Amino acid sequence: MASATLMLSFSLRLPSSFSSPSSVRVPNDVVQFSPFSRACSLKLSSSRNISGFAPILPLRHSTLNSPSPSQPSFLTVVSAKGYKMKTHKASAKRFRVTGRGKIVRRRAGKQHLLAKKNAKRRLRLSKMHPVSRSDYDNVIGALPYLKVNREAK
């Protein structure tokens, strides 16, 4: 089995001459967040200030460790692509999900020999029946993409 790998590169540029009045000075190469203000609502108007947080600012910039301002530092994120789970097709034909997220099934005994069963019994056998909670793990294992609500009553 082959595995596909996804490579992403991000460029991070931090300005070298910023000062923040609400933050306290700390040693070299430390980035500090200003306190979160609960009074303001979610604002997405600025790329520097999201949801009440002040911008991330370096307090002191070391010239020995950091790259020059013309060269951005790169961060590489590697993630392996997982495989899709397979649906058990025989189970997919036997189980359905209601609008509330419950798993239901058909009753057994309505395939043949219906002449000797009365109408009331045939009607009862044709209705959908909820699956027992103890069987949910088995059904969900066979049908991984089923939209099930486990808390549905």
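FYI, the numbering for the sequence shown is -19 to 133, going by my numbering. Ideal Cβ placement from N, Cα and C applies to all residues, glycine included. The structure presented is a predicted model; accordingly, all values stated were derived computationally and were not measured.
If you drop the 5 nearest sequence neighbours on each side, which residues of the same chain put their C-beta closer than 8 Å to that of residue i?
i, result
"residue 67", "122, 123, 124, 125"
"residue 127", "77, 81"
"residue 129", "80, 81, 82"
"residue 70", "none"
Does the beta-carbon of residue i have 16 or more other beta-carbons within 10 angstroms, so that it is buried, or is it exposed?
i, result
"residue 75", "buried"
"residue 58", "exposed"
"residue 119", "buried"
"residue 114", "exposed"
Is DSSP giving residue i helix, strand or coil here?
i, result
"residue 112", "coil"
"residue 72", "helix"
"residue 88", "coil"
"residue 132", "coil"
"residue 122", "helix"
"residue 127", "coil"
Considering just the uninterrupted stretch of the alpha helix (DSSP H) at residue i, what are its terminal residues?
i, result
"residue 105", "99 to 106"
Would you mind working out which of the options sits nearest residue i, comparing C-alpha positions?
i, options, result
"residue 116", "69, 73, 81", "81"
"residue 92", "106, 132, 133", "106"
"residue 109", "77, 87, 78, 64", "87"
"residue 83", "72, 89, 64", "72"
"residue 132", "97, 99, 78", "78"
"residue 103", "111, 112, 89", "89"
In the DSSP assignment, find the beta strand (DSSP E) that holds residue i and state where it starts and stops.
i, result
"residue 50", "Run containing residue 50: none; DSSP gives neither H nor E here."
With a CB to CB cut of under 6 Å and the five nearest residues on each side skipped, what residues in its chain are close to residue i?
i, result
"residue 98", "none"
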